[in-house]
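Undergrad: In the numbering used here, the protein residues as written are 81 to 734.
Cβ coordinates follow ideal geometry from the N, Cα and C atoms, glycine included.
These figures come from a predicted structure and were not determined experimentally.
Supplied in structure tokens, the structure appears directly below.
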Amino acid sequence: MNKEKPSKKEAPATDRTQCEATLQMLEKARRDGVKLDLDRGFEMKPCPIGEESACCKHCYMGPCRLNSRDPYAKVGICGATIDTIMSRNFGRMVATGSASHNDHGMHILKLFRDIVEGDVNDFGIEDTAKLEKVALSIGIEVEGKTVKEVGIELCNELEKTFSNVSGEMPFTRRVPEETLEHWRKNGIVPRGAMLEVMELMSRTHIGCDQDYENLTKQISRAALADGWGGSMVATELSDIMFGTPAPLQAEVNMGVLKEDHVNIIVHGHEPAMFEGMLAAVNDSFFIDMAKDKGAKGINLIGMCCSGAEMMSRHGVPHAGNFGSTEAVIVTGAVDAMVVDIQCIKQGLAEVAKCYDTHLITTNPRCHIEGATHIEFEEKAPRQCTDEILSKAIARYATRSMPVEIPKQVQSGIHGFTHEYIEYMLGGTFRGSYSPLNDNIINGRIRGVAGVVGCTNPKVKQDSVHVELVRELIKKDVLVLQTGCSQIALAKAGFLVPEAGALAGPGLSEVCETVGMPPVLGLGSCVDNTRILIAASAMVKAGGLGNSIADLPAAGAAPEWMSEKALAIGQYFVASGVYTVFGIGFPIVKSTRFHDLLFNGLEEQGFGKWGTAKDPVEIARLMIEHIDKKRQQLGIDKARERTLVDMSDRREIAS
Ligand code: SF4
Ligand code: MSK
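In structure tokens:
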């Protein structure tokens with residue numbers, strides 16, 4: 081076993097995570113002498129200048145370090161000011177995040193084209209109704225056309241999402257008119273994602289765009305090319321190919337592992353390989369092979385975002401979020417961890433080696449030193465999946481590690497979508513967002529919050545997510561969730577209708593009437609686009625203003641870590657949403673660029689950024705914003721009346 085030396089000063093493991101299963105595994109890893117990311121994160125001392133983005137290495141005259149305590153005291157060798165340096169650094173992070181989601185979206189589009197053109201036969205079109213709806217939403221006529229004809233037209237149109245060099249991205253047709261017009265006036269309507277990311281990279285080169293305000297426009301444009309571009313393509317086409325989720329019951333946390341089964345975990349972001357694995361594990365040939373080796377069956381489990389996506393679509397059990405991917409291997413029960421792209425820690429290779437687990441990479445865009453690479457090809461998925469199954473079953477037969485599986489498992493309702501919210505609140509024949517808007521206008525629901533994003537070992541895993549959401553629902557704010565945040569709340573038992581009891585009086589009444597949880601899980605991090613579409617539908621339903629910026633809504637990523645999270649944050653801000661990040665923000669305060677992001681953008685009619693570490697403070701900022709929007713809409717008094725009425729009714733009833 082390859083072990084790292086334990087650190088001399090080890091803080092209690094209870095400081096690292098709120099998830100009891102992860103805690104148990106962290107303690108076991110420490111006993112086994114294996115270092116996990118949760119400990120590495122607390123031990124790493126970040127460079128204070130880098131943490132605030134006050135340094136630049138965009139050319140080799142530098143690197144140049146500015147003083148974040150006195151940010152205007154000096155400039156870089158080329159003369160770049162702190163605002164130029166920070167906006168370029170921030171822009172490059174957003175560019176990377178947008179590139180990641182667009183890369184994902186482009187591969188999904190390629191698979192979709194291969195399916196409709198008949199080049200891939202192992203996957204098909206599951207949701208033809210959604211195919212037509214999406215086509216119609218961007219102006220493609222469907223009347224009298226075959227699925228193949230509509231599919232090809234949709235491919236041709238959506239390809240422009242990536243390849244356009246002028247004009248407007250196809251899905252911008254879904255943006256509320258006033259919001260879109262505002263983007264046009266400010267010159268930030270995304271054209272094509274490749275162009276927007278390329279231009280942002282080019283403009284951040286030494287000696288190019290050295291006006292942080294002008295650069296921020298391109299940062300917004302590249303971010304919008306993510307949310308209304310590649311991410312939206314990924315979500316919509318994945319639904320069409322693999323089925324649009326609808327609420328279902330699913331289990332979350334490490335207790336989903338089974339000691340007497342072959343356990344295979346799939347972790348990453350693209351659904352195709354996971355779908356391939358799902359088909360393969362149900363093949364009786366492999367089930368018999370597993371039984372021959374003494375297992376009771378094959379247990380396929382998800383983690384992180386592809387896990388959230390497969391759980392939403394098919395109810396596949398989920399073992400945990402980003403902060404638990406190394407810890408789960410410590411169980412000794414994982415026969416194979418199979419990964420594709422994004423958020424896959426290199427540290428997994430070392431932990432997998434220590435616990436004799438197969439770590440298998442499957443995607444040509446993501447190899448990991450020390451992992452076994454078995455490439456997945458959509459045209460022949462079984463070549464990859466069958467080899468993985470053989471390896472996992474063989475590892476089960478020769479398990480040499482003691483197995484310790486935490487007992488925690490939490491059942492909850494997952495698989496909400498913007499389509500289902502419309503149906504759930506409006507009914508089968510009159511599906512509509514009006515009932516949601518009505519409940520916001522009458523004040524039972526104070527507003528809507530998107531709480532999303534990663535976990536980050538700089539803070540106790542899951543704790544900020546859970547306390548923030550607890551606070552929001554207590555104050556009658558309906559919470560929409562995606563990604564690793566959704567998994568944190570699922571583990572904490574919030575994704576069940578009974579959690580309505582934790583909500584304030586207005587929200588709990590709505591939850592009880594509709595039979596829904598106060599926290600709705602919408603899937604993976606690319607599925608944040610479901611929130612954008614829901615927000616647009618709320619604007620279109622009427623009564624809450626004319627643009628997304630008018631809505632009593634706010635967003636948060638309280639334990640963010642990835643560049644994708646920053647791109648998501650920026651597309652929400654540019655779309656009109658106040659967005660609060662926890663942990664910290666990579667910008668020096670008291671600078672003009674900071675002021676632009678945290679105040680100026682709102683004054684220009686967009687959303688704005690906020691930041692706070694404490695979950696109660698994040699909730700306070702979000703609620704203050706929601707209340708400000710209620711006041712601007714003139715619906716603040718209605719809430720007071722409704723809540724007084726309800727407490728009166730309760731008093732009479734008791
Ligand atoms: Fe320094 Fe300017 Fe080069 Fe950046 S671009 S490293 S600030 S000289
Ligand atoms: S996986 S981007 S840690 S949500 Fe989408 Fe989770 Fe954040 Fe990765």
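1) Within 10 Å of its beta-carbon, does ALA134 have 16 or more other beta-carbons around it, so buried, or fewer, so exposed?
2) Would you mind giving the Cβ-Cβ distance between GLY601 and ALA570, rounded to the nearest angstrom? I have them listed as a contact below 8 Å.
3) Would LYS487 be called buried (16 or more neighbouring beta carbons within 10 Å of its own) or exposed?
4) Considering Cα atoms alone, identify which of VAL214, GLY382, SER300, VAL544 is closest to THR97.
5) Would you call MET141 buried or exposed, if buried means 16 or more other Cβ atoms sit within 10 Å of its Cβ?
6) In the DSSP assignment, find the unbroken alpha helix (DSSP H) run with THR164 in it and report its ends.
7) Assuming GLN463 is part of the beta strand (DSSP E), what are its boundary residues?
8) Is MET141 near the ligand SF4, in the sense that its beta carbon is under 7 Å from a heavy atom of that ligand?
9) In its own chain, which residues sit with a C-beta less than 8 Å from the C-beta of GLU100, not counting the 5 before and 5 after it?
10) Can you say whether GLU132 is buried or exposed, counting buried as having 16 or more other CB atoms within 10 angstroms of its CB?
11) So, for PRO256: in the same chain, excluding its five sequence neighbours on each side, which residues have a beta-carbon less than 8 Å away from its beta-carbon?
12) Quick one: does the C-beta of HIS398 sit closer than 7 Å to a heavy atom of the ligand SF4?
13) Can you tell me the Cα-Cα spacing of ALA416 and ASN443, whole angstroms?
14) Going by DSSP in three states, ALA330 sits in which element: helix, strand or coil?
15) Kindly list the residues whose CB is nearer than 8 Å to the CB of ILE157, restricted to its own chain and excluding five residues on each side of it in sequence; keep chain order.
16) Excluding five sequence neighbours on each side, which residues of the same chain lie with their C-beta closer than 6 Å to the C-beta of ARG264?
17) From the DSSP output, read off the bridge partner residues of GLY382.
18) Can you name the start and end residues of the beta strand (DSSP E) that HIS494 belongs to?
19) Between the beta-carbon of CYS605 and the beta-carbon of THR562, is there less than 8 Å?
20) The ligand MSK heavy atoms versus the CB of ALA645: any closer than 7 Å?
21) I believe ARG168 touches HIS138 by the beta-carbon criterion, under 8 Å. Please report the beta-carbon distance rounded to the nearest angstrom.
22) Helix, strand or coil: which one does DSSP assign to CYS235?
23) When the Cα atoms are used, what is the spatial distance from GLU578 to ASP199?
24) Provide the residue span of the alpha helix (DSSP H) that contains GLY427, from first to last.
25) According to DSSP, which residues form a beta bridge with THR659?
26) Per DSSP, what kind of secondary structure is ILE421 in: helix, strand or coil?
27) Leaving aside the five residues before and after LEU587 along the sequence, list all residues of the same chain whose C-beta is less than 8 Å from its C-beta, in chain order.
28) I need the straight-line Cα distance from GLU643 to GLY374, nearest angstrom please.
29) What does DSSP give as the partner residue(s) for ARG672 in the beta ladder?
30) Starting from GLY527, follow its DSSP beta bridges and name the residues at the other end.
TA: The structure says:
1) Numbered from its first residue, the sequence shown carries residue 134 at position 54. Burial check for ALA134: the Cβ neighbour count within 10 Å reaches 16 or more, so the residue is buried.
2) For this step, residue 601 is matched to residue 521 along the sequence shown. For this step, residue 570 is matched to residue 490 along the sequence shown. Sure, about 7 Å apart at Cβ, within 8 Å.
3) Here residue 487 refers to the residue found at position 407 when the sequence shown is read from its first residue. Exposed, because fewer than 16 other Cβ atoms sit within 10 Å of the Cβ of LYS487.
4) To locate residue 97, count along the sequence shown from 1; it is residue 17. For the residues VAL214, GLY382, SER300, VAL544, the minimum Cα distance to THR97 belongs to VAL544.
5) As a working note, residue 141 is residue 61 in the sequence shown. Classification of MET141: exposed, given that the 10 Å Cβ count is below 16.
6) The count along the sequence shown starts at 1 and reaches residue 164 at position 84. Its alpha helix (DSSP H) spans residues 162-196.
7) As a working note, residue 463 is residue 383 in the sequence shown. Note, GLN463: premise wrong, no beta strand (DSSP E); alpha helix (DSSP H) at 461-477.
8) Residue mapping note: residue 141 aligns to position 61 of the sequence shown, counting from 1. The answer is yes for MET141.
9) As a working note, residue 100 is residue 20 in the sequence shown. Excluding sequence neighbours, GLU100 sits near PRO486, GLN488.
10) Translated into positions along the sequence shown, residue 132 becomes position 52. Buried: at least 16 other Cβ atoms inside 10 Å.
11) Here residue 256 refers to the residue found at position 176 when the sequence shown is read from its first residue. Its chain contains SER616, VAL619, LYS620, ASN626, SER627, ILE628 as the residues whose beta carbon lies nearer than 8 Å to that of PRO256, once the 5 sequence neighbours on both sides are disregarded; these appear in chain order.
12) Start at 1 with the first residue of the sequence shown, and residue 398 comes out as number 318. No - the ligand SF4 has no heavy atom lying nearer than 7 Å to the Cβ of HIS398.
13) For the purposes of this step, residue 416 is identified with residue 336 of the sequence shown, where counting begins at 1. For the purposes of this step, residue 443 is identified with residue 363 of the sequence shown, where counting begins at 1. Their backbone Cα atoms lie some 16 Å apart in a straight line.
14) In the sequence shown, the residue the question calls residue 330 occupies position 250. Strand at ALA330.
15) Counting from 1 along the sequence shown, the entry for residue 157 is found at position 77. So the qualifying residues of the chain are MET141, GLY142, CYS144.
16) Taking the sequence shown and counting its residues from 1, one reaches residue 264 at position 184. The answer is none, since no qualifying residue turns up.
17) Stepping through the sequence shown from its first residue, residue 382 is reached at position 302. Per DSSP, the beta-bridge partners of GLY382 are VAL346, HIS398.
18) Numbered from its first residue, the sequence shown carries residue 494 at position 414. Its beta strand (DSSP E) spans residues 490-494.
19) Within the sequence shown, the letter at position 525 stands for residue 605. Within the sequence shown, the letter at position 482 stands for residue 562. For CYS605 and THR562, yes; Cβs fall inside 8 Å.
20) Start at 1 with the first residue of the sequence shown, and residue 645 comes out as number 565. Yes, the ligand MSK has a heavy atom inside 7 Å of this Cβ.
21) Locating residue 168 in the sequence shown gives position 88, counting from the first residue. Locating residue 138 in the sequence shown gives position 58, counting from the first residue. Between HIS138 and ARG168 the Cβ distance is about 6 Å, and since that is below 8 Å, they are a contact.
22) Sequence index remark: in the sequence shown, residue 235 carries index 155 (1-based). Three-state DSSP puts CYS235 in a helix.
23) Walking along the sequence shown from the start, residue 578 turns up at place 498. Walking along the sequence shown from the start, residue 199 turns up at place 119. Taking the straight line joining both Cα atoms gives about 47 Å.
24) Indexing the sequence shown from 1 puts residue 427 at position 347. Segment 427-434, the alpha helix (DSSP H) holding GLY427.
25) The residue you call residue 659 lines up with position 579 of the sequence shown. In the DSSP output, where bridge partners are listed per residue, THR659 has GLY635, TRP689.
26) In the sequence shown, residue 421 corresponds to position 341, counting from 1. Looking at ILE421 - three-state DSSP - the assignment turns out to be coil, as it is neither helix nor strand.
27) On the sequence shown, residue 587 is found 507 positions in, with the first residue counted as 1. For LEU587, where only same-chain residues beyond five positions count, the Cβ hits under 8 Å are ARG524, ILE525, ARG526, ILE553, ASP556, VAL557, LEU558, GLY580, PRO598.
28) Here the question's residue 643 lines up with position 563 in the sequence shown. Here the question's residue 374 lines up with position 294 in the sequence shown. Cα-Cα distance, rounded: 44 Å.
29) Within the sequence shown, residue 672 is the residue found at index 592, counting from 1. Its beta-bridge partners do not exist; DSSP assigns none.
30) One-based indexing of the sequence shown puts residue 527 at position 447. In DSSP, GLY527 forms a bridge with VAL557.
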